[in-house]
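Student: Protein chains in written order, with UniProt numbering: chain A, 1 to 553; chain B, 1 to 388.
Every residue, glycine too, gets a C-beta built ideally from N, C-alpha and C.
Fair warning: this is a prediction, and the values are worked out from it, not measured in the lab.
(1) Rounded to the nearest angstrom, what separates residue 44 of chain A and residue 35 of chain B at their Cα positions?
(2) For residue 8 of chain A, name the three-state secondary structure that DSSP assigns.
(3) Residues of chain A with CB under 9 Å from residue 165 of chain B, in chain order?
(4) How about the region 342–349 of chain A and the region 166–178 of chain B: do they share at least three Cβ pairs that are nearer than 8 Å?
(5) Against chain B, with Cβ distances strictly below 7 Å, would residue 540 of chain A count as a contact?
(6) May I ask you to report which of helix, strand or coil DSSP gives residue 390 of chain B?
(7) Considering residue 55 of chain A, what are the terminal residues of the alpha helix (DSSP H) in which it resides?
(8) Between the region 283–302 of chain B and the region 144–154 of chain B, do at least 3 Cβ pairs fall closer than 8 Å?
(9) Whose CA, out of A:348, A:457, A:26 and A:15, lies closest to the CA of residue 4 of chain A?
(10) Mark residue 354 of chain A as exposed unless 16 or more other C-beta atoms lie within 10 angstroms of its C-beta, in which case mark it buried.
(11) Taking buried to mean at least 16 other C-beta atoms within 10 Å of its own C-beta, is residue 269 of chain B buried or exposed?
(12) Hey, residue 50 of chain A and residue 240 of chain B: beta-carbon distance below 7 Å or not?
(13) Determine the chain A residues that contact residue 309 of chain B at a beta-carbon separation under 8 Å, and present them in chain order.
(14) Using the three-state DSSP reduction, which class does residue 582 of chain A fall into: helix, strand or coil?
(15) Which residue comes first and which comes last in the beta strand (DSSP E) that contains residue 514 of chain A?
(16) At a Cβ threshold of 7 Å, is residue 161 of chain A touching chain B?
(17) If you measure from the beta carbon of residue 207 of chain B to each beta carbon in chain A, is any gap under 7 Å?
(18) Under a Cβ-count criterion, where at least 16 other Cβ atoms within 10 Å of its own Cβ denotes burial, should residue 152 of chain A be classed as buried or exposed?
(19) Where does residue 559 of chain A fall in DSSP's three states?
(20) In whole angstroms, what separates the C-alpha of residue 374 of chain B from that of residue 70 of chain B?
(21) For residue 298 of chain A, I'd like the list of residues in its chain whose CB is within less than 6 Å of its CB, leaving aside the five on either flank, ordered along the chain.
(22) Is there a Cβ of chain B sitting closer than 7 Å to that of residue 74 of chain A, yes or no?
(23) Judging by CA-CA distance, which residue of A:487, A:327 and A:265 is the nearest neighbour of residue 249 of chain A?
(24) I want to verify the contact list: residues of chain B whose CB lies under 7 Å from the CB of residue 454 of chain A, in sequence order.
(25) Under the rule that 16 or more other beta-carbon atoms within 10 Å means buried, what is residue 124 of chain B, buried or exposed?
(26) How big is the Cα-Cα spacing for residue 246 of chain A and residue 542 of chain A?
(27) With 7 Å as the threshold, decide whether the Cβ of residue 143 of chain B is near any Cβ in chain A.
(28) Taking 7 Å as the CB-CB cut-off, is residue 375 of chain A touching chain B?
(29) Touch check for the region 179–196 of chain B and the region 220–237 of chain B: three-plus C-beta pairs under 8 Å?
(30) Going by C-alpha distance, which of A:463, A:89 and A:486 is nearest residue 475 of chain A?
(31) Does residue 610 of chain A get closer than 7 Å to chain B when you measure Cβ to Cβ?
(32) Distance, Cα to Cα, residue 391 of chain A vs residue 221 of chain A?
(33) Counting contacts by CB-CB distance shorter than 7 Å, is residue 216 of chain A in contact with chain B?
(34) Go through the region 312–374 of chain A residue by residue and report every complete run of the alpha helix (DSSP H) that reaches 4 residues or more, in order.
(35) Between residue 134 of chain A and residue 147 of chain A, which are expected to be in contact by the criterion C-beta below 8 Å, what is the C-beta distance as a whole number of angstroms?
(36) Does the contact criterion of 3 or more C-beta pairs under 8 Å hold for the region 323–330 of chain B versus the region 31–47 of chain B?
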């Protein structure tokens, strides 16, 4: 269905080809997963299928790409629109119209299908994707998972034979991701659609793939094979594969179920060992000196907690975003905020950093009330790395960015650069922040925020778009920060990250805190928030592969 | 859900089971053709220009506001009505302020207050700053401004009731690209505002002041960058979804289209010139009409180049006729009343008399309420972002 014949793509202005020697074929009706570290050209390969590379992006494509017998060299993307449907990472930038039903019809209108056919297919697609109740909704009011399903539906209505997806689940919470993947599987099984998909979160997708194409490094030839074969060699792999490699299982299990069926001996070996005590416990708060005349609870509390939230409620645009939220953060503690898209995690972070004004209740970070404090003073108490780290960066070069950060924070010149060199040794002064990889950009934003030495660090979805290597680096950095006494609060959908880092997990649903406790207890209790290792080794309470590796040593 | 219905019917009232969300009729499908709303609102606006009677104007504003209040859909674009109301109020106040400060040519005897008059040099003769403020002048300015405000409120009503993107979908095929450009621009504005908010928040995170003009200026460049990136991404998505696919058209047809459109537009220009000049009275109108016909034919022929079909276009049904006719009736009756009984529709200010509500024109204005009864009620809003 899709055939790459010795394809290499060189973009204008770069000496090296972005991908080289790509030569594989995707048979009809298969779900093929494209994996590899960041920056190896996964998006380039996907773009070549729809003809956007090189017709839209520019550059030179050597070799030949054919889709359903059509050569992309002679067919422009619009002439492939009836055979290839493409969905990018950000569904919002994909939408042309403003309501669900019109969006589903848009592609068919462009192809000139008859009104009767359009009507029938829109109804079918609404049912297939479970969108019937949302048909008149404005697209901007949908949640992330719903938007992603509409984006997939909008390219399905012209009945393409090939579907190309770039990280369809990376911005979604675990439940919404499963919803999208279930739809994809249904398309492959029931309609025989061929799917080519790139995704970083392998723990979510690898079990659905019929075959895996691995791009091992920039400019290297891709490897093609069954998921188990490729996972044995791949530099990127999900925790279940990591555990399988550790235990020496062959063939490698790809699903929790497979691994669980093999895991009895491993569980036996682990019975007499205990998972390490809930990670390095946060240092006990320094005892406050007893005063002869105690000055009331709040004065003492602000010494112990870096942040304190009391019965916080936030109302925005007639929506109750948060209600009755209580949260205290002590120094050295790492807290993971989890919950569905739109549950109120980002609003809580916003309230802690003064971007959101509480409608009732109190928020204190250290001795300050965030939304009443001048930004200049607040940066020394709390720092937030936003979901899109690029928003925080405004200069043309890394060096200028660091200098600006020193000025903003009132720190000695060179503070930020020294921090950055510590976190990210390889980056040079003259690089434009735009040219950094996702992980490098996140680290730069982190260094900028840390320049003011805030005791409380907030992170919003830090692992979005990061590959496993970048994630591992981030985990190391955050661990070190916590050990230095920084309190960290992160909102995340990434259960593996929460399992690895967090001392405490706070689950939020519909603006309320529904669970707050030690990470091991909270995540193991919930099937959708449990990491893979916990599911495989239940009822024992292991959360991560490093824990198991440590115990077996 | 029979059990739920039983519970609801326990109080002795038998009800039909409530329809689920899927069974509920779609909003914009049963809603009115947007053009009908525009015709209705513009007709009410025309009616407003026929009178300066404050009671009639207030009645007109109330009528349009009632229809908006009962039939406004729960959509982002429908919220613009409040902005139009505020704009109308500002117009009213500015007009009154000018009447107070600059005086008015209306002669009056009821002096309300006397402002100190600023002596102006001789070359500024005819302009007055300050001086006596008379009740007559203020009343005149108020009537005049109220008429303008009523017109603005009517335009606001059209904006709130008619979905702009569906109105654009009713354009002829050859103008389709133009329609898409406008729709994309319409959806871009909210994105830009969201970008500005996000980046100002990010400035606060860097410890810089997030308020004031400087803060706004410094996020300008990144916002533009983001907008540019988003438009490139959208263009790629549109291209990949078949935007701009064209049908093969024989060269002869293509040439005819070009000739008809160009010739038609030239004809329209020449005809308009002819109508406006003294000598061209004889040939002006026929040339204008011929040019218009040629341009329309060119547009129709040009439509053959596009393959596009329309998904469930809005139909111009009986209700659309009723709504637009009700507006037209108001405009026509008020125009008639203005020519029959000008005194009632333009109450005098010199001497100052209390305006009276003329019975028949007032009844005519009430015809404008018809849309509130013949069009379907909007669907209840969704309370919050639904979790998946």
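Tutor: On the basis of the supplied data:
(1) 45 Å
(2) strand
(3) 97, 98, 99 and 102
(4) no
(5) no
(6) Residue 390 of chain B cannot be examined here, being either before or after the span of chain B that is shown, 1 to 388.
(7) 52–55
(8) no
(9) A:26
(10) buried
(11) exposed
(12) yes
(13) 108, 109, 112, 113, 114, 115 and 118
(14) Absent from the model: residue 582 of chain A. The displayed extent of chain A is 1 to 553, so no value can be given.
(15) 512–518
(16) no
(17) yes
(18) buried
(19) Only positions 1 to 553 of chain A appear in the structure, and residue 559 of chain A is not among them; the question remains open.
(20) 12 Å
(21) Any reading at residue 298 of chain A must be qualified, since the residue scores a pLDDT of 41, below 50, and its modelled position is unreliable; no value is offered.
(22) no
(23) A:265
(24) Under the 7 Å cutoff, chain B gives no residues; its nearest Cβ is about 10 Å from residue 454 of chain A.
(25) exposed
(26) 14 Å
(27) no
(28) yes
(29) yes
(30) A:463
(31) For residue 610 of chain A there is no data in the structure shown, the boundaries of chain A being 1 and 553.
(32) 35 Å
(33) no
(34) 345–352
(35) Between residue 147 of chain A and residue 134 of chain A the Cβ distance is about 10 Å, and since that is not below 8 Å, they are no contact.
(36) yes
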